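K.L.:
Protein chains in written order, with our numbering: chain L, 297 to 622; chain E, 1020 to 1319.
1. Taking residue 547 (chain L) as part of the beta strand (DSSP E), name the residues at either end of that continuous run.
2. Nearest-angstrom Cα distance between residue 508 (chain L) and residue 538 (chain L)?
3. Quick one: what does DSSP say residue 1250 (chain E) is sitting in, helix, strand or coil?
4. Let's see if you can read the secondary structure: which residues bound the beta strand (DSSP E) around residue 409 (chain L)?
5. Identify whether residue 516 (chain L) lies in helix, strand or coil by the three-state DSSP scheme.
6. Can you tell me which of the three DSSP states residue 312 (chain L) falls into?
7. Does residue 486 (chain L) come within less than 8 Å of chain E when only Cβ atoms are used?
8. Beta carbon of residue 1054 (chain E), beta carbon of residue 1076 (chain E): below 8 Å?
9. May I have the straight-line CA-CA distance separating residue 377 (chain L) from residue 485 (chain L), to the nearest angstrom?
10. Taking the alpha-carbon of residue 415 (chain L) as reference, which of E:1278, E:1263, E:1113, E:1066 has the nearest alpha-carbon?
11. For residue 436 (chain L) and residue 335 (chain L), what's the separation of their Cα atoms in angstroms?
12. Three Cβ pairs or more, each shorter than 8 Å: is that satisfied between the region 346 to 355 of chain L and the region 396 to 413 of chain L?
13. Could you work out which residue in E:1220, E:1206, E:1191 is closest to residue 1272 (chain E) when comparing CA atoms only?
14. Which residues, taken in chain order from the region 371 to 405 of chain L, show a beta carbon closer than 7 Å to some beta carbon of chain E?
15. Return the CA-CA distance between residue 311 (chain L) and residue 560 (chain L), expressed in angstroms with no decimal places.
16. DSSP has residue 1193 (chain E) in a bridge; who is on the other side?
17. Shorter than 8 Å from the beta carbon of residue 1052 (chain E) to some beta carbon of chain L?
18. Could you say which of E:1259, E:1079, E:1139, E:1285 lies nearest to residue 515 (chain L) if we only look at CA atoms?
19. Please list the residues of the region 426 to 446 of chain L that have a C-beta atom closer than 7 Å to any C-beta atom in chain E, keeping them in chain order.
20. Got a sec, what are the start and stop residues for the beta strand (DSSP E) residue 394 (chain L) sits in?
21. Per DSSP, what kind of secondary structure is residue 1181 (chain E) in: helix, strand or coil?
22. To the nearest whole angstrom, what separates the beta carbons of residue 528 (chain L) and residue 479 (chain L), a pair I think is in contact under 8 Å?
23. Classify residue 1057 (chain E): buried if its beta carbon has 16 or more other beta carbons within 10 angstroms, exposed otherwise.
24. Which chain E residues are close to residue 341 (chain L), counting only those with a beta carbon under 8 Å from its beta carbon?
25. What residues match up with residue 550 (chain L) in a beta bridge as DSSP calls it?
26. Express the C-alpha separation of residue 408 (chain L) and residue 1127 (chain E) in angstroms, rounding to a whole number.
27. Which residue marks the beginning of the alpha helix (DSSP H) containing residue 492 (chain L), and which one marks its end?
28. Could you check whether the region 313 to 324 of chain L touches the region 1211 to 1224 of chain E, counting it as contact only if at least three pairs of C-beta atoms, one from each stretch, sit closer than 8 Å?
29. Round the Cβ separation of residue 1199 (chain E) and residue 1263 (chain E) to the nearest angstrom and send it over; I've been treating them as touching at under 8 Å.
30. Please classify residue 406 (chain L): is it buried, with 16 or more other beta-carbons within 10 angstroms of its beta-carbon, or exposed?
31. Does residue 543 (chain L) pass the burial test, meaning 16 or more other C-beta atoms within 10 Å, or should it be called exposed?
32. Quick check on residue 1123 (chain E) - is its C-beta less than 8 Å from some C-beta in chain L?
33. Leaving aside the five residues before and after residue 621 (chain L) along the sequence, list all residues of the same chain whose C-beta is less than 8 Å from its C-beta, in chain order.
34. How many Å lie between residue 531 (chain L) and residue 452 (chain L) at the Cα?
35. Determine the burial state of residue 482 (chain L): buried for a count of at least 16 other Cβ atoms within 10 Å of its Cβ, exposed for fewer.
36. At what residues does the alpha helix (DSSP H) containing residue 1104 (chain E) begin and finish?
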C-alpha cells in the first residue's frame, strides 16, 4: 500500500461485484484486491442482496459506487436516499464512496440515467456545495466520476475537465476517474482525450474505472460491454504516469463473461499499471481486444445496466412451499 | 456567481440550469422519436450543440431511446409472468401507457412496478384481464418479499416467559417477508410454468391459460432466502389475515369464525397446531404483550 491520497489508500486492482459471479466468488474466493458494489443494489432491507453482501464483506474490501444520487439535479438529493446510503456505508465501511458528475431527473421524475450537466458556473456552484455537504454527512471520503455523454449544451462556459476540476477543488473531494468515459466523450464530442487527462488535478484521483464500450460509428455508447480497447489502455497508462498508483477497477456490466475472462482483464490492468509505474517491464497480459462490429443502436443500453443484472425476484421462480400444518 | 433565474413566463423563478433540466426531462419521456418533430429540431439546436456527426435533436434522442429501453426492460424483468400471458403487442401497449401514466419517480428501479398492478386493473380491455390483475399483484408481492427485512424466527423460550393472557391481548407479529394474496386463478403455478418455458427457450409457447380457481395464497421468503407460495384453506387464510392486521390470536380466531362459520369445527380443532407450525416455519416471528389492534371487519 502506498502513500494515501486525500486519506484514501491504493487498494490495487479490483472488479465490479456482479450477480453472475457470486457463486464463484463465494465458493472459490479468487485472489483479487477489492470489489466495487453499486450502492443502490444493496440499499434494501434484507434477503439475498444483504446476505451476499455480508458474505463477500467477510473476505474482501468493498468500495461503494452510486448511480442515483443526482447531485446536479434541480432539487437537493433526497434525504431518505442519503440516510439509506449512510446506513450502507456503516455496514460496508468503504475506504471511499463515489457517484457521478451528473443529474438523474427533476422533482417527480427520476430517469435512472447519468445525464450530463452543462459546464456552467451555476452548475459548478450547485454541485460543489452539495458535494462538500454530502461528504461531511457520510463521514467517508467522497468522489465524483466524469460521465460518458452523448449531448453537449450550448450554455456550457468551460470544458468538461475544467468543470470537474473546479468542483473537486471547491468541494475538496476526490475524482473517480473513468478513462473509458474520457475516450467515449472525446470521440462523441471531438475533444482531445489526452488534454483532458493532463488537465485534471491528478492528486485528487482516488480511483480509476476501465471498461469496454460499443462503437456505433456516429457515436460511442458506454455499454460496459467487452474488453477494454487498446486506445483506452494507452490512456490509462498515461493517467497512471501522471497520478501515480491509484486503485483501478474493471467494470463489465453487459454480456458479462465468465469469471476467468474478467479476472484476466483485471490482471491486464495490473500489468499496465506496473508498466506505467516502471515497476515491471512485463508486457500487458491477457487476450488482445477483439475487433468489434458496430452493434445496432436498438438494444444498446448505456446506463440502466450499471451494476449488471439486478439480483431480483423475477430471476427465480417461487416454489410450492412445503406442506405447513393445515 | 448567483443562480440566474428566468424572469417571466410559466417557469419564472427557475434558474437557467433548472429550466434546461425540465426541458430535457420533458422530451426524454416522449414516446415518439424526437427527430420527427421539426419544431423540436429547432428548439434543440438552441439548447444543444450537436456536432458534425450528430445533430442536436439526435443527441437528445439518444437519451430518449435509452429512457424507454431501460424502463421497459426493467418491467420485463420484474413481471415475466404477466408478459407471458400477454402477447408482445398488448404487453408493449400496456408498458408504454404505464410509463406515461406513472413516470418513474424513485431513485431505485426496484420501485418501478409499484403501481403496475393498479394500472393493469384499470385496463379491462386486456385479454384475460382478471388473470392479468392476479399475476401483476403476485409478481409485485414477490418483488417486495425478495428483499424485505430479515427477521429471526419466534423464540419459543420467550413464549414461556410472557404473561398468561398474552395470546388474548397481545399482538402476533408476522414475518415482514410474508404476503397474503387472494386470487381468482392459480397464478403462482402458471408463473412457474411460464418461467420454466422461458428457461427452455420456448417463451411461454404451449403453456395453457388455466381455468379460474379461487385461491388464498401465502407468499413467503423462507430461511433459505428463496421465495415460496402455498395455497391455504379459507379459514386458515382468514386467521392469518387477521393476525396481519395485528389482532390478538383470540380476536383473530373470532374473525375467522365469523367469516367461515361452516368451518368452525375445523378451525377450533386446528388453530393450536397452525400456530405452532407457523411459528416453526418462521411466519410468526414474535408475540408482543400490549393491546392488539381494534377488531376490524374480517378480510374474507
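For every residue, glycine included, the Cβ atom is placed at its ideal position computed from N, Cα and C. These numbers come from a predicted model, not from an experiment.
P.N.:
Judging by the given coordinates:
1. Element bounds for residue 547 (chain L): 543 to 547.
2. Their backbone Cα atoms lie some 22 Å apart in a straight line.
3. Here DSSP, grouped into helix, strand and coil, assigns residue 1250 (chain E) to strand.
4. 405 to 411
5. Strand, per DSSP.
6. In the three-state scheme derived from DSSP, where H, G and I count as helix and E and B as strand, residue 312 (chain L) is classed as strand.
7. Yes, its Cβ sits closer than 8 Å to a Cβ of chain E.
8. yes
9. 33 Å
10. E:1066
11. 14 Å
12. Flag = no, the region 346 to 355 of chain L and the region 396 to 413 of chain L do not touch.
13. E:1191
14. 374, 377, 399, 401, 402, 404, 405
15. 11 Å
16. E:1303
17. no
18. Cα-wise, what sits closest to residue 515 (chain L) is E:1079.
19. 446
20. 393 to 396
21. coil
22. 5 Å
23. Flag for residue 1057 (chain E) reads exposed.
24. 1166, 1167, 1168, 1169, 1195
25. L:521
26. Taking the straight line from one Cα to the other gives about 8 Å.
27. Counting along the chain, the unbroken alpha helix (DSSP H) around residue 492 (chain L) starts and ends at 489 to 495.
28. no
29. 6 Å
30. buried
31. buried
32. yes
33. The predicted position of residue 621 (chain L) is uncertain, since its pLDDT is 47 and thus under 50; no value can be drawn from it.
34. 25 Å
35. Result: buried.
36. 1099 to 1104
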